[in-house]
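Trainee: Everything in the sequence shown is counted per the numbering used here, starting at 1 for the first residue and increasing by one. Dropping a structure here in C-alpha cells format, bear with me for questions.
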Amino acid sequence: KQLNQPCCSLSHWFSLPSQNAMNLPPDKARLLRQYDNEKKWELICDQERFQVKNPPHTYIQKLKGYLDPAVTRKKFRRRVQESTQVLRELEISLRTNHIGWVREFLNEENKGLDVLVEYLSFAQYAVTFDFESLENNVENSMDKSKPWSRSIEDLHRGSNLPSPYGFNMVMSHPHAVNEIALSLNNKNPRTKALVLELLAAVCLVRGGHEIILSAFDNFKEVCGEKQRFEKLMEHFRNEDNNIDFMVACMQFINIVVHSVEDMNFRVHLQYEFTKLGLDEYLDKLKHTESDKLQVQIQAYLDNVFDVGALLEDAETKNAALERVEELEENISHLSEKLQDTENEAMAKIVELEKQLMQRNKELDVVREIYKDANTQVHTLRKMVKEKEEAIQRQSTLEKKIHELEKQGTIKIQKKGDGDISILPVGVASGTLPSGSDATSGTSPIPPPPPPPPPPPPPPLPAPPLPGTASPTVVFNSGLAAVKIKKPIKTKFRMPVFNWVALKPNQINGTVFNEIDDERILEDLNVDEFEEIFKTKAQGPAIDLTSSKQKITQKGSNKVTLLEANRAKNLAITLRKAGKTADEICKAIQVFDLKTLPVDFVECLMRFLPTENEVKVLRLYERERKPLENLSDEDRFMMQFSKIERLMQKMTIMAFIGNFAESIQMLTPQLHAVIAASVSIKSSQKLKKILEIILALGNYMNSSKRGAVYGFKLQSLDLLLDTKSTDRKQTLLHYISNVVKEKYQQVALFYNELHYVEKAAAVSLENVLLDVKELQRGLDLTKREYTMHDHNTMLKEFIHNNEGKLKKLQDDAKIAQDAFDEAVKYFGENPKTTPPSVFFPIFVRFVKAYKQAEEENELRKKQEQALMEKLLEQESPSHKTKRQQQELIAELRRRQVKDNRHVYEGKDGAIEDIITVLKTVPFTARTAKRGSRFFCEPVLTEEFHY
Numbered sequence: 001k002q003l004n005q006p007c008c009s010l011s012h013w014f015s016l017p018s019q020n021a022m023n024l025p026p027d028k029a030r031l032l033r034q035y036d037n038e039k040k041w042e043l044i045c046d047q048e049r050f051q052v053k054n055p056p057h058t059y060i061q062k063l064k065g066y067l068d069p070a071v072t073r074k075k076f077r078r079r080v081q082e083s084t085q086v087l088r089e090l091e092i093s094l095r096t097n098h099i100g101w102v103r104e105f106l107n108e109e110n111k112g113l114d115v116l117v118e119y120l121s122f123a124q125y126a127v128t129f130d131f132e133s134l135e136n137n138v139e140n141s142m143d144k145s146k147p148w149s150r151s152i153e154d155l156h157r158g159s160n161l162p163s164p165y166g167f168n169m170v171m172s173h174p175h176a177v178n179e180i181a182l183s184l185n186n187k188n189p190r191t192k193a194l195v196l197e198l199l200a201a202v203c204l205v206r207g208g209h210e211i212i213l214s215a216f217d218n219f220k221e222v223c224g225e226k227q228r229f230e231k232l233m234e235h236f237r238n239e240d241n242n243i244d245f246m247v248a249c250m251q252f253i254n255i256v257v258h259s260v261e262d263m264n265f266r267v268h269l270q271y272e273f274t275k276l277g278l279d280e281y282l283d284k285l286k287h288t289e290s291d292k293l294q295v296q297i298q299a300y301l302d303n304v305f306d307v308g309a310l311l312e313d314a315e316t317k318n319a320a321l322e323r324v325e326e327l328e329e330n331i332s333h334l335s336e337k338l339q340d341t342e343n344e345a346m347a348k349i350v351e352l353e354k355q356l357m358q359r360n361k362e363l364d365v366v367r368e369i370y371k372d373a374n375t376q377v378h379t380l381r382k383m384v385k386e387k388e389e390a391i392q393r394q395s396t397l398e399k400k401i402h403e404l405e406k407q408g409t410i411k412i413q414k415k416g417d418g419d420i421s422i423l424p425v426g427v428a429s430g431t432l433p434s435g436s437d438a439t440s441g442t443s444p445i446p447p448p449p450p451p452p453p454p455p456p457p458p459p460l461p462a463p464p465l466p467g468t469a470s471p472t473v474v475f476n477s478g479l480a481a482v483k484i485k486k487p488i489k490t491k492f493r494m495p496v497f498n499w500v501a502l503k504p505n506q507i508n509g510t511v512f513n514e515i516d517d518e519r520i521l522e523d524l525n526v527d528e529f530e531e532i533f534k535t536k537a538q539g540p541a542i543d544l545t546s547s548k549q550k551i552t553q554k555g556s557n558k559v560t561l562l563e564a565n566r567a568k569n570l571a572i573t574l575r576k577a578g579k580t581a582d583e584i585c586k587a588i589q590v591f592d593l594k595t596l597p598v599d600f601v602e603c604l605m606r607f608l609p610t611e612n613e614v615k616v617l618r619l620y621e622r623e624r625k626p627l628e629n630l631s632d633e634d635r636f637m638m639q640f641s642k643i644e645r646l647m648q649k650m651t652i653m654a655f656i657g658n659f660a661e662s663i664q665m666l667t668p669q670l671h672a673v674i675a676a677s678v679s680i681k682s683s684q685k686l687k688k689i690l691e692i693i694l695a696l697g698n699y700m701n702s703s704k705r706g707a708v709y710g711f712k713l714q715s716l717d718l719l720l721d722t723k724s725t726d727r728k729q730t731l732l733h734y735i736s737n738v739v740k741e742k743y744q745q746v747a748l749f750y751n752e753l754h755y756v757e758k759a760a761a762v763s764l765e766n767v768l769l770d771v772k773e774l775q776r777g778l779d780l781t782k783r784e785y786t787m788h789d790h791n792t793m794l795k796e797f798i799h800n801n802e803g804k805l806k807k808l809q810d811d812a813k814i815a816q817d818a819f820d821e822a823v824k825y826f827g828e829n830p831k832t833t834p835p836s837v838f839f840p841i842f843v844r845f846v847k848a849y850k851q852a853e854e855e856n857e858l859r860k861k862q863e864q865a866l867m868e869k870l871l872e873q874e875s876p877s878h879k880t881k882r883q884q885q886e887l888i889a890e891l892r893r894r895q896v897k898d899n900r901h902v903y904e905g906k907d908g909a910i911e912d913i914i915t916v917l918k919t920v921p922f923t924a925r926t927a928k929r930g931s932r933f934f935c936e937p938v939l940t941e942e943f944h945y
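Here's what the structure looks like:
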C-alpha cells in the first residue's frame with residue numbers, strides 16, 4: 001500500500017539523527033540529501049517495507065525459552081522447527097535493520113551475542129544427546145541441524161556488520177569462536193562447510209589466526225584429540241561424497257597453514273598436517289574429477305615449503321653469487337678491453353679519414369691541373385684549326401693564281417731571293433725597265449691573317465618570361481643564384497614552428513644548398529599533416545688568514561727560517577718521499593724520474609723557494625751561522641735553492657713524467673672530434689632528415705612567416721615543442737612516422753653518426769691549449785738538452801717522443817679543420833659553436849628521435865590491442881571469459897596495493913573475504929621452493945593476498 005507523502009515526515013526521516021541511525025558514509029549521506037522529495041519518499045517506503053517490526057528482546061526471549069534441557073524428545077523436535085523460524089527472522093533483522101537495532105540487540109541489557117553463543121552450545125549438546133536418532137533418521141538429522149546452521153549464520157551476520165562494532169564483539173567473546181569451531185562435530189556437511197568458510201575468513205583478519213588456532217586447541221581438549229586438527233582430517237577423509245565440504249576443508253587447511261608470515265611457524269603448521277596424513281591423501285585425490293577441489297589442492301601444493309629444496313636453493317644461490325662476482329670481474333676486464341679496442345678502432349678510422357682527406361686534396365690538385373691542361377688543349381686545338389684554315393686559304397689562292405696564269409691574264413716572275421711577282425700580260429710582253437721601277441708594280445702574296453681574338457665571356461642569362469619559371473635572386477660576392485620560394489597556402493591555420501632560420505645569403509656552401517624541400521612535399525600527405533597539427537580554436541668570503549694560529553717551535557735549539565705552516569707541509573711531503581735531501585737534489589740535477597716519482601715532483605713544485613726565502617737563507621749562510629741549528633726543512637730548502645735553473649728542471653721533470661699520460665688522454669679526444677665531424681658532414685641520410693624537417697617547417701610557417709632556405713641546428717630541439725591538435729604527438733613523432741612509411745632507407749640515419757657522444761664531451765679549445773703546452777714543454781726540454789748534451793735520459797726522451805707530439809699536432813690541426821668544415825656546412829659559426837654545443841645537438845636529437853620511434857611503436861601496439869579487444873567484445877562467446885579475467889585482475893590489483901596479506905576487522909571484511917575466496921583460491925605471497933631467490937613468482941589465475 002502506497003504511503004502518503006507529508007513534508008514533515010520527510011524532514012523527520014532525513015534529519016541528522018535518522019541518517020546516523022542508517023550508518024551511512026558521509027559521501028552517501030550527502031548524495032541522499034541531494035535527491036528530490038519523490039525519490040526520498042520512495043527510499044522511505046522501501047525502508048519501511050524491509051524493516052522487521054519485532055524489537056530485539058522479542059527474539060532473545062524466544063531463544064532463551066528454547067534453552068531448557070529438561071524437555072521431552074517430542075517437544076524438543078517441535079522446538080527445533082520453531083527455533084529455525086525464529087533464527088531465520090533474526091538473521092533477516094540483523095541484515096536489514098538499521099545500526100541502532102543491531103546495537104540494541106548486542107548491548108549490555110539484551111546481550112544478544114551471549115544468547116546466540118549459549119544457544120549454539122545448547123544445540124550442539126542436544127544434537128549429541130539425540131545422536132542415536134540422528135543416525136537412524138538422516139532426514140530428521142538434517143532438520144535438527146538447521147538451527148545449528150542458522151545460529152552460525154547469525155553469528156556470521158553479527159560479525160559482518162557495516163562497522164567494527166559487531167565484529168570486535170564476536171572476536172573478543174571468550175567462547176564464540178570456540179563454539180563455532182566445535183560445530184565441526186555436526187553431521188551435516190553443509191553446516192561444516194559453512195563453519196570452515198567462516199573460520200578461514202577469520203584467519204585472514206588481523207589477529208584472527210591466533211584466535212582460530214586457540215579455538216582448535218580448545219577443540220582438541222574438549223573432543224579428546226591426540227593431535228590438533230585430527231577430527232578435521234578425519235572428516236576430510238570420510239566426507240569424500242560431498243565436494244562442497246571437501247573444497248571448504250581444503251581451502252581452510254591452505255589458509256590456516258600458509259597465511260602466517262613467520263616461515264618457521266608456517267613449516268611447523270605444514271608438518272602438523274603432514275603427520276596427520278594430508279600429503280598421502282592429497283596424492284590420492286590428484287585425479288579427482290572436481291575442478292573446484294583440484295584448484296584448492298593445487299593452491300595448497302603451490303604454497304608448500306620444501307625445506308630441503310630451500311636449503312639446496314640457498315647453496316645454489318651462494319654458488320650463483322660467486323659466479324656473479326666472477327662474471328662481474330670478467331665484465332670489468334672485457335669493458336676495459338672493449339674501451340681499448342674502441343680507441344684502436346677510432347684511431348684507425350681517423351687514420352683512414354686523414355688519408356681520405358689527403359687523397360681528396362690531391363684529387364682537387366689533379367682536377368685543377370686537368371682543368372688547366374684541358375683549357376690549353378682547347379686553345380691549341382683552336383690555334384691548329386685556325387692554322388689549317390689559313391693554309392687552306394693560301395692553297396686556294398695559289399690555285400687561283402695558276403689558273404689565271406694559264407688563262408694568260410697574269411704572268412708569274414720568280415726573283416733571285418725566291419719570291420715571286422705577278423705581272424700583267426701587257427707589261428710582260430714589253431721591255432722591262434731596270435731597277436726598282438720594274439718591281440714597283442708587283443704585288444707579293446699576302447701572309448695568312450692573324451688568329452682572331454678569343455670570344456667574349458657569355459652574357460648573363462636573360463630573365464625568365466612571366467609565368468614560365470620561378471624567379472631567382474643573384475647575390476653579390478660570387479654567390480650562386482637562389483630560387484625564391486613561393487608561400488604555401490594551407491587549408492587550416494597551422495601552429496608556428498619557432499625555428500631559427502638562416503638568411504638566404506648564409507646557405508651557400510651549407511647542407512641546405514644541396515637539398516630540395518619542395519620535392520619532399522610532393523611525396524607527403526600534407527592533408528593528413530594539416531589535420532594532425534592544425535590549431536584548435538580556430539655570502540662574504542671567509543678570510544682564511546685570520547684563522548691561522550702560530551705554531552710553537554718543537555725544539556728550542558732549532559732555528560726555523562720558513563713560515564710555520566709551509567715548513568710543516570714541506571716536512572710531510574719529504575716524509576712521503578723517504579729520501580734524503582742529497583738524494584732528492586741529485587735526482588733533480590739529472591732528471592731521474594725513477595728515483596723521484598712524478599707525483600712527488602708535482603708536490604715538491606709547490607715548495608719552490610720564493611725570492612724572500614732565498615734572501616733569508618743566503619743571509620743566514622753569509623753570517624756563517626751553523627747549519628746544524630737549522631731544522632731539517634730549512635737545511636733541505638738551503639740545498640734545494642742552490643740547484644741551477646731549479647724552476648726549469650722541475651717543470652721538465654713534471655712534463656716528462658706526464659707526457660705519455662697526456663698523449664694517451666688527448667689522442668682519443670681528437671680522434672672523436674675528427675670521426676664525429678666527418679661522419680656528420682658526410683651522412684647522406686642525415687641530410688635527407690634535414691630536408692624533411694625543412695619541408696614540413698616551411699609548410700607550417702609559409703603562410704605566416706614565409707618560406708626559409710635553412711635553419712639553425714638549435715631548431716632541432718624545438719621539434720618536441722610543436723604538438724598536434726590532440727596534444728598526443730609532436731612534430732618529431734610525425735617525422736618519425738613519415739620516415740618509416742616513405743623513407744625507410746634513412747630510418748637508421750643515426751648509425752652513420754660515429755662517436756658523436758664522445759665528441760660532445762670534448763672541449764676542443766682546452767685540448768688545443770694542452771697540445772700547445774706539450775710543445776712548449778718539449779721546446780724547454782730541447783733547450784735544456786743543448787746545455788747538457790751528455791744527459792742520455794733527455795736525449796732518449798726527445799728521440800722517442802718528438803714524433804708522437806708531431807703526430808698529435810697533426811691530429812689537432814685535422815680535428816680543428818674537420819670540425820670547422822662540419823660546423824660551416826650546417827650554417828653555424830665555429831667561433832660561437834664549440835664541440836660542447838655542436839655535437840650535443842645531434843646527441844639530443846638522436847635520443848629524442850629514438851624515443852619517438854619507440855613511442856610510435858607502442859602507440860600502434862596499443863591501438864592494435866584496443867582494436868582486437870573491441871572485436872573480441874563483439875563476440876558473445878568470449879564475453880563470459882573476459883569478465884572472469886577482468887574480475888581476477890581487479891582482485892589482484894586490490895591486493896598488490898597492500899604488502900601485508902591481512903584484512904582489517906571492519907566494513908564487512910568477513911563477507912568480502914568469503915566472496916573473494918569463492919572466486920579464486922588463496923595463494924601465499926612468498927613463492928614455494930627457492931624460485932624467489934632467482935625470479936619473480938609466476939602469476940597464475942590465483943589470488944595473492
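Glycine is no exception: its CB is placed at the ideal position from the N, C-alpha and C atoms. Here the structure is a predicted model, which means the values were calculated and not measured.
Looking at the secondary structure, which residues open and close the alpha helix (DSSP H) in which Y699 lies?
Mentor: Along the sequence shown, read from residue 1 onward, the residue named residue 699 stands at position 699. Taken as a continuous stretch (DSSP letters only), the alpha helix (DSSP H) holding Y699 covers Q684 to R705.
Trainee: Cβ atoms of F826 and A501: under 8 Å apart, would you say?
Mentor: Within the sequence shown, residue 501 is the residue found at index 501, counting from 1. Within the sequence shown, residue 826 is the residue found at index 826, counting from 1. Not a contact, by the Cβ cut-off of 8 Å.
Trainee: List, from N- to C-terminal side, the alpha helix (DSSP H) runs of 4 residues or more that fit wholly inside the region 99 to 127.
Mentor: The qualifying runs are 99 to 106.
Trainee: Measuring alpha carbon to alpha carbon, tell me which of D592, E118 and A248 ends up nearest M650.
Mentor: For the purposes of this step, residue 650 is taken as residue 650 along the sequence shown, with counting starting at 1. Per the Cα distances, D592.
Trainee: Going by DSSP in three states, T288 sits in which element: helix, strand or coil?
Mentor: For the purposes of this step, residue 288 is identified with residue 288 of the sequence shown, where counting begins at 1. T288 falls in the coil class under three-state DSSP.
Trainee: Give the DSSP bridge partners of T833, in chain order.
Mentor: To locate residue 833, count along the sequence shown from 1; it is residue 833. According to DSSP, T833 bridges with nothing at all.
Trainee: Could you compute how far the alpha carbon of K411 sits from the alpha carbon of K371?
Mentor: For this step, residue 411 is matched to residue 411 along the sequence shown. For this step, residue 371 is matched to residue 371 along the sequence shown. Roughly 53 Å separates the two Cα atoms.
Trainee: Distance check for N330 and Y743, CA to CA, integer angstroms please.
Mentor: The residue labelled residue 743 in the question sits at position 743 within the sequence shown. The residue labelled residue 330 in the question sits at position 330 within the sequence shown. Going by the C-alpha atoms only, they are around 42 Å apart.
Trainee: What span of residues does the alpha helix (DSSP H) with G803 cover, start to end?
Mentor: As a first step, residue 803 is located in the sequence shown; it is residue number 803 there, counting from the start. Taken as a continuous stretch (DSSP letters only), the alpha helix (DSSP H) holding G803 covers T792 to Y825.
Trainee: Please classify E312 as buried or exposed, where buried requires at least 16 other C-beta atoms within 10 Å of its C-beta.
Mentor: The residue you call residue 312 lines up with position 312 of the sequence shown. With fewer than 16 Cβ atoms within 10 Å of its Cβ, E312 is classed as exposed.
Trainee: Which residues in the same chain as K534 place their Cβ atom closer than 7 Å to its Cβ, once the five residues preceding and following it in sequence are excluded?
Mentor: Start at 1 with the first residue of the sequence shown, and residue 534 comes out as number 534. Once the five neighbours on either side are set aside, the close Cβ partners of K534 are F492, R493, M494 and T725.
Trainee: Sort Q648, F122 and V916 by Cα distance to R783 and report the nearest one.
Mentor: Walking along the sequence shown from the start, residue 783 turns up at place 783. Out of Q648, F122 and V916, Q648 has the C-alpha closest to the C-alpha of R783.
Trainee: If contacts are defined as beta-carbon pairs under 8 Å, then F640 and C585 qualify, I think. What distance do you get, rounded to the angstrom?
Mentor: For the purposes of this step, residue 640 is taken as residue 640 along the sequence shown, with counting starting at 1. For the purposes of this step, residue 585 is taken as residue 585 along the sequence shown, with counting starting at 1. Yes, F640 and C585 are in contact; Cβ-Cβ is about 6 Å, under 8 Å.
Trainee: In its own chain, which residues sit with a C-beta less than 6 Å from the C-beta of T595, not counting the 5 before and 5 after it?
Mentor: The count along the sequence shown starts at 1 and reaches residue 595 at position 595. Cβ within range, chain order: A587.
Trainee: From this set, G697, A747 and A564, which residue's C-alpha is nearest E633's C-alpha?
Mentor: Residue mapping note: residue 633 aligns to position 633 of the sequence shown, counting from 1. Comparing Cα-Cα distances from E633 to each of G697, A747 and A564, the minimum goes to A564.
Trainee: Roughly how many angstroms separate the alpha carbons of H211 and K220, rounded to a whole number?
Mentor: As a position in the sequence shown, residue 211 is number 211, starting the count at 1. As a position in the sequence shown, residue 220 is number 220, starting the count at 1. His is not the amino acid found at residue 211; the sequence shown has Ile there. Approximately 14 Å between the Cα atoms of the pair.
Trainee: Counting Cβ pairs, one atom from each stretch, are 3 or more of them under 8 Å apart for the region 252 to 263 and the region 281 to 293?
Mentor: They do not touch, by the three-pair rule.
Trainee: For K807 and F839, I'd like the C-alpha separation in whole angstroms.
Mentor: Numbered from 1 along the sequence shown, position 807 holds the residue referred to as residue 807. Numbered from 1 along the sequence shown, position 839 holds the residue referred to as residue 839. Approximately 25 Å, taken between the alpha carbons.
Trainee: Out of curiosity, what's the CA-to-CA distance linking Y709 and L694?
Mentor: In the sequence shown, residue 709 corresponds to position 709, counting from 1. In the sequence shown, residue 694 corresponds to position 694, counting from 1. When rounded, the distance between both Cα atoms is 8 Å.
Trainee: Run through the DSSP bridge pairs and tell me what L380 is partnered with.
Mentor: Working through the sequence shown from its first residue, we reach residue 380 at position 380. Per DSSP, none; premise fails for L380.
Trainee: Is A672 near K758, with beta carbons less than 8 Å apart?
Mentor: Locating residue 672 in the sequence shown gives position 672, where the first residue counts as 1. Locating residue 758 in the sequence shown gives position 758, where the first residue counts as 1. The answer is yes: Cβ separation under 8 Å.
Trainee: Mind reading off the beta-carbon distance from G697 to W499? Whole number of angstroms is fine, and I expect it under 8 Å.
Mentor: Position 697 of the sequence shown, counted from the start, is the residue given in the question as residue 697. Position 499 of the sequence shown, counted from the start, is the residue given in the question as residue 499. Sure, about 6 Å apart at Cβ, within 8 Å.
Trainee: Using alpha carbons as the reference points, say which of L562, A314 and G208 lies closest to E611.
Mentor: To locate residue 611, count along the sequence shown from 1; it is residue 611. When only C-alpha atoms are compared, the closest one is L562.
Trainee: Using the rule of at least 16 other Cβ atoms within 10 Å of the residue's Cβ for burial, across every protein chain shown, is S547 buried or exposed?
Mentor: On the sequence shown, residue 547 is found 547 positions in, with the first residue counted as 1. Note that S547 has pLDDT 40, beneath the 50 cutoff, so the model's placement of it is unreliable and no number is given.
Trainee: In this structure, how does DSSP classify A309 when only helix, strand and coil are distinguished?
Mentor: Your numbering for residue 309 matches position 309 in the sequence shown. In the structure shown, A309 sits in a helix (DSSP, three-state: H, G or I).
Trainee: Please report the straight-line C-alpha distance between A676 and Q358, rounded to a whole angstrom.
Mentor: Working through the sequence shown from its first residue, we reach residue 676 at position 676. Working through the sequence shown from its first residue, we reach residue 358 at position 358. Their Cα atoms are separated by approximately 18 Å.
Trainee: With H, G and I counted as helix, E and B as strand and the rest as coil, what does DSSP make of P495?
Mentor: Here residue 495 corresponds to residue number 495 of the sequence shown, with the count starting at 1. DSSP places P495 in coil when its eight states are reduced to three.
Trainee: Check for me: the alpha helix (DSSP H) holding E828 runs from which residue to which?
Mentor: Here residue 828 is taken as the residue at index 828 of the sequence shown, counted from 1. No alpha helix (DSSP H) holds E828; DSSP gives it neither H nor E.
Trainee: Go ahead and pull the three-state DSSP assignment for L917.
Mentor: As a working mapping, residue 917 is identified with position 917 in the sequence shown. Reduced to three states, the DSSP call for L917 is helix.
Trainee: From which residue to which residue does the alpha helix (DSSP H) around P626 run?
Mentor: One-based indexing of the sequence shown puts residue 626 at position 626. Here P626 belongs to no alpha helix (DSSP H), and DSSP marks it neither H nor E.
Trainee: Can you tell me where the alpha helix (DSSP H) with A501 in it begins and where it stops?
Mentor: In the sequence shown, residue 501 corresponds to position 501, counting from 1. Element bounds for A501: n/a, residue is neither H nor E.
Trainee: Mind pulling the alpha helix (DSSP H) runs of 4 or more residues that sit fully within the region 728 to 757?
Mentor: Segments of the alpha helix (DSSP H) lying fully in the region 728 to 757: 731 to 742.
Trainee: Of the residues R776, N701, P56 and F529, which one's Cα is nearest the Cα of L116?
Mentor: Mapped onto the sequence shown, residue 116 falls at position 116. Of the candidates R776, N701, P56 and F529, the one whose C-alpha sits nearest the C-alpha of L116 is P56.
Trainee: With 16 as the cutoff for other CB atoms within 10 Å, does Q873 come out buried or exposed?
Mentor: The residue given as residue 873 occupies position 873 in the sequence shown. Classification for Q873: exposed.
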